[in-house]
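Trainee: Submitted below is the structure of interest, expressed as structure tokens.
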Amino acid sequence: MNKASLLVVGMLAASGCSRAPSDAAPAASPDTPATVTVMVVTPQYTVLHRQVSQPGAIEAFEETPIFAKVSGYVKEGWKDIGAVLRKGEILAELWVPEREVDLKHKEALLRQAQSEIEQAQRAVEAAKAAFHSAEAKVAAAEAQRLAAQARYNRTKSQYDRLRSMQQVIHKENIEEAQLGFETAQANLAEAEAAVKSALAFQAESKARWDKAEADLTVAKDHWEVARQERDYARTM
């Protein structure tokens, strides 16, 4: 079979195997782009909320351990572990029996110090009254001394005058004047001794008064110390 016969047979075979021209779809060109559907919407302003959950732990920058200043029993607890505690709030109330006994002791000492102050004040008043009484005794003794001095001066003058006239005056009159003079002299000495005794008693009374004032100051100092110790026991 020659070359021209093979070409005719091939064309016939190809035409017999293909579909009819009316049923075949047109072939797409390689340069034509595909159709894309686009929806047009109006933009709206909104806030985007993004939340991300991750495992983690929170730790404080500083930690302060809390200890009770005194040891005791928890009478009432106001906060539990993990509770928020603000300034001025009560964490717990402690009961310390030993502190209660100590506080009662301090209060008793304070009352005793108060009694000592009152006793010292009464002692001051008594010493003051005794001093004024001693002053009055000194004044009375001095008045008696002046009276004795006057009698002494009068009797001495009379005795001296009669003695100078003993040649014309009866001896009994001179002896009587001498006795009066000696009596006045003794009374004057007694009055002077009474004045000295009154002055000594006055000085003693003044010393007792000063001591009572000093004891009162000491009693007030003891009271102040007892008060501070009582207040300190209350704060513990």
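Start counting the sequence shown at 115; every next residue gets the next number (our numbering). For glycine and all other residues, C-beta sits at the position ideal for the given N, C-alpha and C. Given the structure is predicted, the values throughout are model-derived calculations rather than measurements.
Could you compute how far the alpha carbon of W209 sits from the alpha carbon of T349?
Mentor: Cα to Cα, the separation comes out at about 13 Å.
Trainee: First and last residue of the alpha helix (DSSP H) that includes K218?
Mentor: From DSSP, the alpha helix (DSSP H) with K218 extends over 211 to 278.
Trainee: Between the beta-carbon of E306 and the beta-carbon of R259, is there less than 8 Å?
Mentor: Yes, these two residues count as a Cβ contact at 8 Å.
Trainee: Indicate the three-state DSSP secondary structure (helix, strand or coil) for Y346 in the structure shown.
Mentor: Y346 falls in the helix class under three-state DSSP.
Trainee: With 16 as the cutoff for other CB atoms within 10 Å, does S319 come out buried or exposed?
Mentor: The residue in question, S319, is buried, as its Cβ has 16 or more Cβ neighbours within 10 Å.
Trainee: Is the separation between the beta-carbon of L224 and that of R341 shorter than 8 Å?
Mentor: Yes, the pair counts as a contact, with Cβ atoms nearer than the cut-off.
Trainee: Tell whether a beta-carbon distance below 8 Å holds between A261 and A326.
Mentor: No, these two residues do not count as a Cβ contact at 8 Å.
Trainee: Quick check on DSSP: helix, strand or coil for G294?
Mentor: G294: helix per DSSP, three-state reduction.
Trainee: Apart from the five residues just before and just after E207, which ones in its own chain have a Cβ nearer than 6 Å to its Cβ?
Mentor: Only K189, E190 meet the Cβ criterion.
Trainee: How would you call L162, buried or exposed, if buried means at least 16 neighbouring beta carbons within 10 angstroms?
Mentor: Per the 10 Å Cβ criterion, exposed.
Trainee: Please look up how many angstroms separate the CB atoms of E230 and R344, rounded, as I've assumed it's under 8 Å.
Mentor: Not quite, the Cβ-Cβ distance comes to about 15 Å (not below 8 Å), so this is no contact.
Trainee: Evaluate contact between the region 242 to 255 and the region 300 to 316, counting only Cβ atoms and requiring at least three cross-stretch pairs below 8 Å.
Mentor: Output reads yes: the region 300 to 316 touches the region 242 to 255.
Trainee: Please report the distance separating the alpha-carbon of D335 from that of V184.
Mentor: The alpha-carbon atoms of D335 and V184 are separated by roughly 29 Å.
Trainee: Please return the same chain residues whose Cβ sits closer than 8 Å to the Cβ of Q263, not counting the five positions on each side in sequence.
Mentor: L302, A305, listed in sequence order.
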